[in-house]
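Student: There's a structure below that I have some questions on.
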Amino acid sequence: MKASIDAIVIPITAITNKCIDQCIFPDKLKIAHVLPLYNKGSQHDCNNYRPISILPTISKLLENYFSNQLQTFKKKTNILHPRQSRFKANHSCQTALLNLVNSWVHDIHEGKTIGAVFLDFQRAFDLVDHEIFLYKLMYTLYHFSNNASQWFKAYLTNRMQFVKLGSTTSAFEQ
Numbered sequence: 003m004k005a006s007i008d009a010i011v012i013p014i015t016a017i018t019n020k021c022i023d024q025c026i027f028p029d030k031l032k033i034a035h036v037l038p039l040y041n042k043g044s045q046h047d048c049n050n051y052r053p054i055s056i057l058p059t060i061s062k063l064l065e066n067y068f069s070n071q072l073q074t075f076k077k078k079t080n081i082l083h084p085r086q087s088r089f090k091a092n093h094s095c096q097t098a099l100l101n102l103v104n105s106w107v108h109d110i111h112e113g114k115t116i117g118a119v120f121l122d123f124q125r126a127f128d129l130v131d132h133e134i135f136l137y138k139l140m141y142t143l144y145h146f147s148n149n150a151s152q153w154f155k156a157y158l159t160n161r162m163q164f165v166k167l168g169s170t171t172s173a174f175e176q
């Protein structure tokens, strides 16, 4: 695609603009080819594989565009808590941990008692109720427009996937 960017930039821009204008994300761009990638341990144990979703390239381009728009919106509206590390440039688990440890050191010096509970929310995003998520986008402090919320709804719904391993392909699943 990089080699043909001059020839495809106008049609991709037109598709992106139509997606924005009509608050849609085409269903054909939401079909993921899931590739089970071996991690470690016994190759006969399916828990030792991690799924890699391969989406159409144009889907990734659209996602990148909307992600950049969302980043701009977050900066402009300052909706993230100052100590939030996820979804912020130059922040990570390490920066969150450093902030936490610095806070503990400060509290220890002041003679305060510290307690901590750590949870590992594997596949946490899989558990997010999309209707509640969309409601929060529109009616809480985020104040997304109706069009932006409708686009997110289109993006999140009707997603399909299939697994292909060798010459065997599974049925499509939602």
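Numbering (our numbering), first residue to last: 3 to 176. Yeah, the Cβ is synthetic: ideal placement off N, Cα and C, and Gly gets one too. No experiment lies behind these values; they were computed from the predicted model shown.
With burial defined as no fewer than 16 other Cβ atoms inside 10 Å of the residue's Cβ, what is the status of Ala-150: buried or exposed?
Tutor: That one is buried.
Student: Taking only the alpha-carbon atoms, compute the straight-line gap between Lys-155 and Gln-24 and give it to the nearest angstrom.
Tutor: Straight-line Cα distance between these residues: approximately 12 Å.
Student: Beta-carbon separation of Ala-34 and Leu-63 under 9 Å?
Tutor: No. Outside cutoff.
Student: Which parts of the stretch 98-158 are runs of the alpha helix (DSSP H), unbroken and 4 residues or longer, counting only runs that do not cross its ends?
Tutor: Qualifying alpha helix (DSSP H) stretches, in chain order: 132-141 and 148-158.
Student: Taking Cβ positions, are Lys-20 and Ser-61 nearer each other than 9 Å?
Tutor: Against a cut-off of 9 Å, the Cβ pair of Ser-61 and Lys-20 comes out as no contact.
Student: Let me check understanding here. Comparing Cα to Cα, which of Asn-66, Arg-85 and Asn-49 lies closest to Ile-14?
Tutor: Among Asn-66, Arg-85 and Asn-49, the Cα nearest to that of Ile-14 belongs to Asn-66.
Student: What separation, rounded to the nearest whole angstrom, lies between the Cα atoms of Met-140 and Leu-82?
Tutor: Roughly 16 Å between the two C-alpha positions.
Student: Can you tell me whether Trp-106 is buried or exposed? The criterion is at least 16 other CB atoms within 10 Å of its CB, across all chains shown.
Tutor: Classification for Trp-106: exposed.
Student: Judging by CA-CA distance, which residue of Leu-102, Met-162 and His-46 is the nearest neighbour of Phe-120?
Tutor: Nearest of Leu-102, Met-162 and His-46 to Phe-120, Cα basis: Leu-102.
Student: Leaving out five residues before and five after Thr-171 in sequence, what residues of the same chain have Cβ atoms less than 8 Å from its Cβ?
Tutor: Phe-164 and Val-165, listed in sequence order.
Student: Output needed for Leu-158: all residues of its chain with C-beta closer than 7 Å, excluding positions within five of it in sequence on either side, in chain order.
Tutor: Answer for Leu-158: His-132, listed in chain order.
Student: So what's Ile-33 in DSSP terms, helix, strand or just coil?
Tutor: Ile-33 falls in the strand class under three-state DSSP.
Student: Count the other CB atoms within 10 Å of the CB of Phe-174; is the residue buried (16 or more) or exposed (fewer)?
Tutor: Exposed, because fewer than 16 other Cβ atoms sit within 10 Å of the Cβ of Phe-174.
Student: Can you tell me the Cα-Cα spacing of Cys-95 and Pro-84, whole angstroms?
Tutor: For Cys-95 and Pro-84, the distance between alpha carbons rounds to 15 Å.
Student: Taking the C-alpha atoms as reference points, what is the distance between Thr-18 and His-93?
Tutor: Between Thr-18 and His-93, the C-alpha separation is close to 29 Å.
Student: For Phe-27, count neighbouring Cβ atoms within 10 angstroms of its own Cβ and tell me buried if that reaches 16, exposed if not.
Tutor: The residue in question, Phe-27, is buried, as its Cβ has 16 or more Cβ neighbours within 10 Å.
Student: Mind checking Phe-127: buried by the 16 CB within 10 Å criterion, or exposed?
Tutor: The residue is exposed, with fewer than 16 neighbouring Cβ atoms inside 10 Å.
Student: What do you get for Phe-123, buried or exposed, if any count of 16 or more other CB atoms within 10 angstroms of its CB means buried?
Tutor: Exposed is the call here.
Student: Would you list, in sequence order, the uninterrupted beta strand (DSSP E) runs of no fewer than 3 residues that lie entirely inside the stretch 7-88?
Tutor: Complete beta strand (DSSP E) runs here, min 3: 33-40 and 51-56.
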